[in-house]
Amino acid sequence: IVEKQGALGGWAAQLWKRAPFRSPYTDPVDTGVAELVAKVTNHPHIEVHLNATLAQTSGAPGAFTVQVATESGATTALEVGAIIQAT
Numbered sequence: 002i003v004e005k006q007g008a009l010g011g012w013a014a015q016l017w018k019r020a021p022f023r024s025p026y027t028d029p030v031d032t033g034v035a036e037l038v039a040k041v042t043n044h045p046h047i048e049v050h051l052n053a054t055l056a057q058t059s060g061a062p063g064a065f066t067v068q069v070a071t072e073s074g075a076t077t078a079l080e081v082g083a084i085i086q087a088t
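If you count by my numbering, then the sequence shown holds residues 2 to 88, one letter each, in order.
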């Protein structure tokens with residue numbers, strides 16, 4: 002995961018509660034973002050790059066080479082199988 006900001010979660014991480022999607026539908030519930038971020042950052046097969054952007058991509062599905070640029074200007078080359086762009 003390459004995240005432009007210094008933390009994962011985006012706007013959802015700033016929410017205090019959310020509308021419930023299960024009964025009893027009366028009280029707001031936790032967003033679950035903190036738990037999801039913890040799962041992602043602790044997962045052995047997921048690498049997280051904060052304060053970074055993709056500088057360059059090349060290759061084909063299953064065999065991409067990406068250049069990850071940090072805010073300090075350093076770049077790191079990574080071999081990845083897929084690229085998913087989320088905004």
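From the three backbone atoms N, C-alpha and C, an ideal C-beta is built for every residue, glycine too.
- L37: member of the alpha helix (DSSP H) spanning 34-43, first to last residue.
- Here H50 has V3, V69 as same chain residues with Cβ atoms under 6 angstroms from its own Cβ, once five neighbours each way along the sequence are excluded.
- Taking C-beta atoms under 8 angstroms as the contact rule, T66 and G60 qualify, at a distance of about 5 angstroms.
- Annotated three-state conformation of G11 is helix, per DSSP.
- Taking V38 as the centre and dropping the five residues before and after it, the same chain places the C-beta of L9, G10 closer than 6 angstroms to its C-beta, in chain order.
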